[in-house]
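*Asks:* Just so you know, the protein sequences line up as chains A and B, in that order. Counting in our numbering, the first sequence runs from 1 upward without gaps. Counting in our numbering, the second sequence runs from 1 upward without gaps. All C-beta atoms in this analysis are idealised placements derived from N, C-alpha and C, irrespective of residue type, glycine included. It should be emphasised that the depicted structure is a prediction, and the values quoted were computed from it without experimental measurement.
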Amino acid sequence: MLNIKDIFAKAGDKDILKGLNLEVKPGEVHAIMGPNGAGKSTLGNVLAGMPHVEVTAGSVDMQGKDLLALEPEERAAEGVFLAFQYPVEIPGVNNMYFLRTALNAQRKYRGEEEMDSASFLRMVKQKIKDMNMRDDLLKRPVNVGFSGGEKKRNEVFQMGVLEPKLAILDETDSGLDIDALKIVADGVNQLRSPDRSFVIITHYQRLLDYIEPDFVHVLADGKIVRSGDKNLALELEEQGYGWLNQ
Amino acid sequence: MAGLINNWQEAINNAKALTSGWPQWLQQKQAESLGRLDGFAIPNRKMETWRYSDSGKLQNTDVVSSAELDLAELDADLCILIKSQGFEAVGEMPDWLQVTDIHQLAEQEWLPMVAKTHEKEQAMLQLNQALFHAGVALKVKNNEQHADFVIAVVYDLAENAWQFVHNHFEIGDNSQVTINEIHAGGLVNQTAVWSLGRDAQVKKTVWAQFESEATLVSFNQVNLNQNADMKTMNHRFGGTLQHHNQQVEFLAEHAKFAAGSVNKANGNSHIADIVNVFHDKKHNTSEVIHRSIADGQSQIFNNAKAVVAHGADHSEISQDLKNILLSDDAKVFSKPELEVSTDEVVAAHGSTIGALDESSLFYLQSRGIDAKQAKDIMIESFVAEAEVC
Ligand SMILES: Nc1ncnc2c1ncn2[C@@H]1O[C@H](COP(=O)(O)OP(=O)(O)OP(=O)(O)O)[C@@H](O)[C@H]1O
Ligand SMILES: [Mg+2]
Numbered sequence: 001m002l003n004i005k006d007i008f009a010k011a012g013d014k015d016i017l018k019g020l021n022l023e024v025k026p027g028e029v030h031a032i033m034g035p036n037g038a039g040k041s042t043l044g045n046v047l048a049g050m051p052h053v054e055v056t057a058g059s060v061d062m063q064g065k066d067l068l069a070l071e072p073e074e075r076a077a078e079g080v081f082l083a084f085q086y087p088v089e090i091p092g093v094n095n096m097y098f099l100r101t102a103l104n105a106q107r108k109y110r111g112e113e114e115m116d117s118a119s120f121l122r123m124v125k126q127k128i129k130d131m132n133m134r135d136d137l138l139k140r141p142v143n144v145g146f147s148g149g150e151k152k153r154n155e156v157f158q159m160g161v162l163e164p165k166l167a168i169l170d171e172t173d174s175g176l177d178i179d180a181l182k183i184v185a186d187g188v189n190q191l192r193s194p195d196r197s198f199v200i201i202t203h204y205q206r207l208l209d210y211i212e213p214d215f216v217h218v219l220a221d222g223k224i225v226r227s228g229d230k231n232l233a234l235e236l237e238e239q240g241y242g243w244l245n246q
Numbered sequence: 001m002a003g004l005i006n007n008w009q010e011a012i013n014n015a016k017a018l019t020s021g022w023p024q025w026l027q028q029k030q031a032e033s034l035g036r037l038d039g040f041a042i043p044n045r046k047m048e049t050w051r052y053s054d055s056g057k058l059q060n061t062d063v064v065s066s067a068e069l070d071l072a073e074l075d076a077d078l079c080i081l082i083k084s085q086g087f088e089a090v091g092e093m094p095d096w097l098q099v100t101d102i103h104q105l106a107e108q109e110w111l112p113m114v115a116k117t118h119e120k121e122q123a124m125l126q127l128n129q130a131l132f133h134a135g136v137a138l139k140v141k142n143n144e145q146h147a148d149f150v151i152a153v154v155y156d157l158a159e160n161a162w163q164f165v166h167n168h169f170e171i172g173d174n175s176q177v178t179i180n181e182i183h184a185g186g187l188v189n190q191t192a193v194w195s196l197g198r199d200a201q202v203k204k205t206v207w208a209q210f211e212s213e214a215t216l217v218s219f220n221q222v223n224l225n226q227n228a229d230m231k232t233m234n235h236r237f238g239g240t241l242q243h244h245n246q247q248v249e250f251l252a253e254h255a256k257f258a259a260g261s262v263n264k265a266n267g268n269s270h271i272a273d274i275v276n277v278f279h280d281k282k283h284n285t286s287e288v289i290h291r292s293i294a295d296g297q298s299q300i301f302n303n304a305k306a307v308v309a310h311g312a313d314h315s316e317i318s319q320d321l322k323n324i325l326l327s328d329d330a331k332v333f334s335k336p337e338l339e340v341s342t343d344e345v346v347a348a349h350g351s352t353i354g355a356l357d358e359s360s361l362f363y364l365q366s367r368g369i370d371a372k373q374a375k376d377i378m379i380e381s382f383v384a385e386a387e388v389c
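Pasting the structure below:
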């Protein structure tokens with residue numbers, strides 16, 4: 001699915017990723033943990049194609065395609081989805097209109113037929129119910145006036161509508177109450193399939209009780225410094241990251 | 001002004017030829033206005049109202065071609081085509097409406113146009129008063145509520161010389177009407193007086209969208225009586241030079257004025273959008289919303305000014321000017337102004353200039369929307385905020 005080889009990336013003058021390697025096979029769930037400022041969000045931004053992050057060396061292959069050569073919208077249509085750590089508010093742009101435009105743009109790129117508004121509405125109504133979100137959020141401008149938790153749920157809702165092949169969730173669990181955490185985990189688990197992969201960035205082992213990862217990695221100072229199974233997350237919860245400096 | 005008059009001698013001759021049959025009193029007024037032109041300087045960058053527009057463009061009288069207008073597309077019940085001489089009405093003329101040539105106005109109905117600020121900078125207004133050779137007097141009787149009846153006023157003017165048009169719109173007490181104005185291009189200096197009676201309501205939308213070279217200078221005077229409500233929406237795009245001035249006066253109390261503008265400039269277009277509201281009486285409300293987008297090497301000037309007289313308590317004023325720059329060479333000047341000489345006033349004003357928000361653009365792109373469409377979506381949502389009607 002995804003093969004990241006020896007990536008170096010910087011933003012502004014700051015070197016952030018310093019030789020990062022990661023391979024994600026179809027159907028796998030990888031959790032990425034690590035201290036603040038380690039470069040976790042930067043990794044997500046590199047994959048999604050954020051303009052201000054500059055990749056200076058290395059390669060990213062996604063299902064045989066050179067991901068770094070693609071525009072952000074092309075990556076999306078190829079199946080990359082980033083649930084943002086800080087989803088932006090876009091005043092004046094209606095959530096429904098935005099999502100339908102996005103879905104149809106992706107379909108068009110893939111040579112698929114566009115979805116008419118009636119089918120889209122039906123599909124979206126169901127998914128919003130699954131996410132236990134109030135459906136008036138659909139009529140509001142994207143993320144405007146949403147609570148922190150509503151913004152995170154909106155990201156997962158969008159993921160459900162767009163059905164990506166590779167979903168990167170950047171601290172989607174932060175700021176969620178216990179019920180919302182379960183809902184979000186359910187949203188992810190429902191999408192889990194042999195041909196879909198997840199990279200889940202989190203600070204808390206708790207999320208991994210609900211979404212069982214195949215691998216857990218520690219990202220520190222721009223590199224993966226340790227990998228293991230879900231027990232690594234439990235270990236980190238107990239020990240913290242002090243051992244990194246020894 | 002002498003220089004301007006020399007340059008405009010042809011315009012003067014044209015106008016005289018077209019107005020020779022007009023009533024004596026009107027010809028007299030025009031001659032007086034022409035005489036007063038000596039007191040006015042040619043518009044230039046030292047003037048506050050022309051600082052951000054290249055007035056040199058006024059001298060550019062190259063022949064320009066305007067877009068073909070399809071009247072059916074205007075979706076109006078009645079189209080009034082204003083010609084260089086006279087007008088033509090297409091569609092149904094209801095009995096509550098009277099449209100005549102401007103020179104058919106009775107002398108006692110004549111309303112002079114005087115700029116209440118920067119008066120000495122108003123050579124173009126003065127020139128219009130001296131030279132107008134076309135226009136209509138449109139009157140809606142009292143107690144006629146026809147908000148759904150759309151009247152389109154189309155400026156269907158000769159393209160190869162300056163055209164001077166003056167209109168008179170009089171909306172009777174307790175009447176409602178919708179009036180759209182459509183500018184097709186050319187070289188046009190247009191003025192109008194709008195008088196709204198008690199409880200009258202007007203929705204007005206002006207389209208001045210030019211794909212090619214076009215110059216449009218306008219001055220609109222709005223007089224609002226007790227409880228009158230005027231909503232004006234301006235859609236402007238491109239052209240060589242657009243210089244628009246709206247002046248609003250509250251003649252009584254409890255009236256409302258709202259003006260929204262969408263100004264889009266690209267290439268070398270210059271657009272100036274000036275709105276002056278005079279709160280001389282109590283309990284009136286004015287709202288000005290401009291959304292402007294400058295691309296290429298264009299320049300946009302936004303100026304909303306409210307002057308609240310001593311004793312005009314409980315005036316409510318809002319000025320909301322927002323601007324987006326799409327290129328490094330484009331320029332925007334944005335100036336909300338309040339002059340308040342009384343205590344009890346509710347006023348809010350703000351002005352911002354910025355680029356399209358990069359993180360929003362990336363957010364849209366990251367969901368599959370290409371950069372061009374993402375920009376368009378953001379621009380559309382930005383300008384939609386100015387829709388007052
Ligand atoms: N545009 C930028 N210019 C300069 N420095 C940046 C920029 N973007 C990120 N950084 C810095 O790069 C480092 C890594 O940032 P990143 O957001 O990837 O960390 P993170 O691992 O996601 O942290 P957190 O757990 O707090 O979310 C931080 O020190 C951050 O301040
Ligand atoms: Mg982060």
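Let me see if you follow: with CB-CB separation under 9 Å, is phenylalanine 157 of chain A close to chain B or not?
*Replies:* no
*Asks:* Please list, in chain order, the residues of the stretch 367–381 of chain B that have any C-beta partner in chain A closer than 9 Å.
*Replies:* Arg367, Gly368, Ile369, Asp370, Ala371, Gln373, Ala374, Ile377, Met378, Glu380, Ser381
*Asks:* So, is the C-beta of alanine 252 of chain B closer than 9 Å to a C-beta in chain A?
*Replies:* no
*Asks:* Residues of the stretch 332–365 of chain B with a CB closer than 9 Å to any CB of chain A: list them in chain order, please.
*Replies:* Asp357, Glu358, Ser359, Ser360, Leu361, Phe362, Tyr363, Leu364, Gln365
*Asks:* Nearest chain B C-beta to phenylalanine 146 of chain A closer than 9 Å, yes or no?
*Replies:* no
*Asks:* Is lysine 230 of chain A near ligand 2, going by C-beta to nearest heavy atom under 8 Å?
*Replies:* no
*Asks:* Report all residues from its chain with a CB closer than 7 Å to the CB of leucine 81 of chain B; omit the five preceding and five following residues, and keep chain order.
*Replies:* Excluding five sequence positions before and after leucine 81 of chain B, the CB atoms of its chain that fall closer than 7 Å to its own CB belong to Phe87, Glu88, Val90, Val154, Asp156, given in chain order.
*Asks:* Using a Cβ-Cβ cut-off of 6 Å (strictly less than) and excluding sequence neighbours within five positions of glutamine 319 of chain B, which residues of its own chain qualify?
*Replies:* Val288, Ala304, Pro336, His349
*Asks:* Just checking: is the beta-carbon of glycine 49 of chain A within a distance shorter than 9 Å of some beta-carbon in chain B?
*Replies:* yes
*Asks:* Out of A:Val29, A:Ser41, A:Lys25, which has the shortest C-alpha to C-alpha gap to alanine 11 of chain A?
*Replies:* A:Ser41
*Asks:* Can you pull the chain A residues whose beta carbon is under 7 Å from the beta carbon of glutamate 385 of chain B, in chain order?
*Replies:* Gly92
*Asks:* Scan the stretch 67–144 of chain A and note each continuous beta strand (DSSP E) run of 3 residues or more that stays entirely inside, going in chain order.
*Replies:* 80–83, 90–94
*Asks:* Any residues in the stretch 72–86 of chain A with a beta carbon nearer than 9 Å to a beta carbon of chain B? Which ones, in chain order?
*Replies:* Result list: Pro72, Glu73, Glu74, Arg75, Ala76, Ala77, Val80, Phe81, Leu82, Phe84, Tyr86.
*Asks:* Going by C-alpha to C-alpha distance, which of A:Ser197, A:Tyr97, A:Gly240, A:Gly222 sits closest to leucine 82 of chain A?
*Replies:* Here the closest residue by C-alpha is A:Ser197.
*Asks:* Quick check on glutamate 78 of chain A: buried or exposed, where buried means 16 or more other Cβ atoms within 10 Å of its Cβ?
*Replies:* buried
*Asks:* Using the Cα positions of serine 359 of chain B and asparagine 160 of chain B, report the straight-line distance between them to the nearest angstrom.
*Replies:* 47 Å
*Asks:* With three or more beta-carbon pairs closer than 8 Å as the criterion, would you say the stretch 94–109 of chain A touches the stretch 133–149 of chain A?
*Replies:* yes
*Asks:* Along chain B, which residues have their Cβ under 9 Å away from the Cβ of leucine 162 of chain A?
*Replies:* Arg367, Gly368
*Asks:* Shortest alpha-carbon distance to tryptophan 96 of chain B belongs to which of B:Asn174, B:Ala15, B:Ala115?
*Replies:* In terms of Cα proximity to tryptophan 96 of chain B, the closest of B:Asn174, B:Ala15, B:Ala115 is B:Asn174.
*Asks:* Check whether chain B comes within 9 Å of alanine 69 of chain A, counting only Cβ atoms and requiring the distance to be less than that.
*Replies:* no
*Asks:* Between serine 269 of chain B and asparagine 189 of chain B, what straight-line distance do the alpha-carbon atoms span, to the nearest angstrom?
*Replies:* 17 Å
*Asks:* Using the C-alpha atoms, what's the distance from alanine 355 of chain B back to alanine 2 of chain B?
*Replies:* Residue confidence is low: alanine 2 of chain B scores 45 on pLDDT, short of 50, so the model does not pin down where it sits. Its coordinate-derived value is still stated next. Roughly 43 Å separates the two Cα atoms.
*Asks:* Find the nearest neighbour of isoleucine 151 of chain B within the set B:Thr178, B:Gly172, B:Ile293, judged by alpha-carbon distance.
*Replies:* B:Thr178
*Asks:* If we call anything under 9 Å between Cβ atoms a contact, is leucine 196 of chain B one with valine 165 of chain B?
*Replies:* no
*Asks:* For phenylalanine 8 of chain A, decide whether its Cβ has a neighbour in chain B, counting only Cβ atoms nearer than 9 Å.
*Replies:* no
*Asks:* Note down the Cα distance separating tryptophan 22 of chain B from valine 136 of chain B, rounded to an integer number of angstroms.
*Replies:* Roughly 14 Å separates the two Cα atoms.
*Asks:* Give the residues of chain B in contact with alanine 167 of chain A, contact being defined as C-beta atoms less than 9 Å apart.
*Replies:* Simply none; closest approach about 12 Å.
*Asks:* Do alanine 252 of chain B and lysine 281 of chain B have their CB atoms nearer than 9 Å?
*Replies:* Against a cut-off of 9 Å, the Cβ pair of lysine 281 of chain B and alanine 252 of chain B comes out as a contact.
*Asks:* Which partner residues of asparagine 323 of chain B appear in the DSSP bridge assignment?
*Replies:* In DSSP, asparagine 323 of chain B forms a bridge with B:Ser292, B:Ile353.
*Asks:* Mind pulling the chain B residues with CB within less than 8 Å of threonine 101 of chain A?
*Replies:* At a C-beta separation below 8 Å, threonine 101 of chain A has these neighbours in chain B: Ile369, Gln373, Ile377.
*Asks:* Is the shortest distance between the beta-carbon of valine 216 of chain A and the beta-carbons of chain B less than 9 Å?
*Replies:* no
*Asks:* Is tryptophan 96 of chain B helix, strand or coil by DSSP?
*Replies:* coil
*Asks:* Under 9 Å between C-beta atoms, does valine 60 of chain A make it to chain B?
*Replies:* Not flagged as an interface residue toward chain B: valine 60 of chain A, since no C-beta distance is shorter than 9 Å.
*Asks:* In angstroms with no decimal places, state the Cα-to-Cα distance between aspartate 61 of chain A and alanine 69 of chain A.
*Replies:* 10 Å
*Asks:* What residues of chain B sit near alanine 11 of chain A, judged by a beta carbon separation below 7 Å?
*Replies:* Simply none; closest approach about 13 Å.
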